Amino acid sequence: MAEKKTVSVKVYNMAGEEVSKMTLNAAVFNVEPHQQVMFDAVQVAQANARQATAKTKTRHEVSGGGKKPFRQKGTGRARAGSSRSPIWVGGGTIFGPVGTQNYKLSQNKKEHKLALKSALSLKTKNGLVVVDEINFTELKTKNFVKFLDAVKVAGKALVVVDEITEGIYASARNVGYAKVVTPDNVSVLDLLNVDNLIVSKASIKAIEEALK
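Residues 3 to 214 (this note's numbering) are what the sequence shown spells out, left to right.
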C-alpha cells in the first residue's frame with residue numbers, strides 16, 4: 003500500500019483567511035482508502051444505534067379471553083378454549099419480536115482505526131479545511147453560519163473542535179447542516195455522510211495521536 007510521506011495543507015482563520023500551512027501525518031490522512039472496513043464500520047454504527055423497541059404480545063399477554071368463548075359441543079364450530087389463541091383475530095402472536103433483540107455489532111480496533119484513516123484520507127483529498135482555532139464568544143447562530151460561509155462550506159459539514167464550549171454549542175445547535183464533535187467522537191459514518199470536514203489545529207494533533 004503506497005503512502006506519501008507528507009501532506010501539506012493550508013490553515014485558515016475563522017474569517018477564511020490563510021494564515022499558515024500545516025503538515026499532516028500521512029499515515030493517518032493519506033492512506034489508500036479501504037472500502038470494506040469503512041463499510042463494516044458504518045454497519046456497526048448503524049446497528050449499535052438501533053433500538054429493540056418492536057414487540058408483539060403473546061397469548062399470555064393479550065387482554066381478555068379468560069372465559070371459554072362458547073360451549074365445547076353442539077355449535078358446529080371448531081372447539082376453542084380462549085379468544086387469546088394465536089389463530090383468533092385479536093389473539094396473541096407467535097414468533098413475533100419480544101423487545102429483547104440484540105442488534106449490537108463490533109469491529110476490532112485495528113480495522114476500526116483503518117476505517118477512520120480511510121475516511122479521513124478521502125476527506126483530505128476533497129473537503130478538508132483546517133482552522134487555527136475555532137471559538138465563539140457570542141452565543142449567536144449567525145456567527146457560526148458566517149464562519150461556515152467564510153471557509154466556503156457547501157453542503158453538510160462536520161466540525162471537529164478540541165472542546166465544545168458553551169459558545170460553540172449554543173452557536174451551532176440550530177444549524178441543521180452542521181454537526182460539532184470532539185476528536186474522540188469522530189466516526190466513519192459522520193465522515194462519509196458530510197461534504198466538508200472542518201478541523202481545528204489542536205484537533206488534528208489529537209486525531210493523529212489517537213490513530214498513530
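The beta-carbon is built from N, C-alpha and C at its ideal position, and this holds for glycine as well.
Quick caveat: nothing in here was measured; it's all calculated off a predicted structure.
Original post:
Secondary structure at N145, three-state DSSP: helix, strand or coil?
Top reply: Helix, per DSSP.
**OP:** Leaving out five residues on either side along the sequence, give the residues of the same chain with a beta carbon under 7 Å from the beta carbon of P88.
**Re:** For P88, same chain residues with a beta-carbon under 7 Å away, outside a window of 5 residues either side, are R61, G94, T95 and I96 in chain order.
**OP:** For Y171, name the three-state secondary structure that DSSP assigns.
**Re:** Shown here, Y171 sits in a helix according to DSSP, grouped into three states.
Original post:
Should A49 and L130 be called a contact, given that it needs their Cβ atoms to be closer than 7 Å?
Top reply: In this structure, L130 does not lie closer than 7 Å to A49 by Cβ.
Original post:
Roughly how many angstroms lie between the CA atoms of S65 and Q103, to the nearest whole one?
Top reply: The alpha-carbon of S65 is positioned some 24 Å away from that of Q103.
Subject >> Close-in-space but distant-in-sequence residues of the same chain around V177 (CB under 7 Å, 5 per side omitted) >> reply: Contacts found: T143, F146 and V147.
Original post:
If you compare alpha carbons, which of V13, L160 and V100 is closest to A56?
Top reply: Minimum Cα-Cα distance from A56 among the listed residues V13, L160 and V100 corresponds to V100.
Original post:
Does the region 120-139 come within contact of the region 12-21, defined as at least 3 CB pairs closer than 8 Å?
Top reply: At 8 Å Cβ cutoff, the stretches touch.
Subject >> Exposure label - D151; buried when at least 16 CB within 10 Å >> reply: Counting of Cβ neighbours within 10 angstroms places D151 among the exposed residues, the total staying below 16.
Original post:
Is A17 helix, strand or coil when you go by DSSP?
Top reply: Three-state result, A17: coil.
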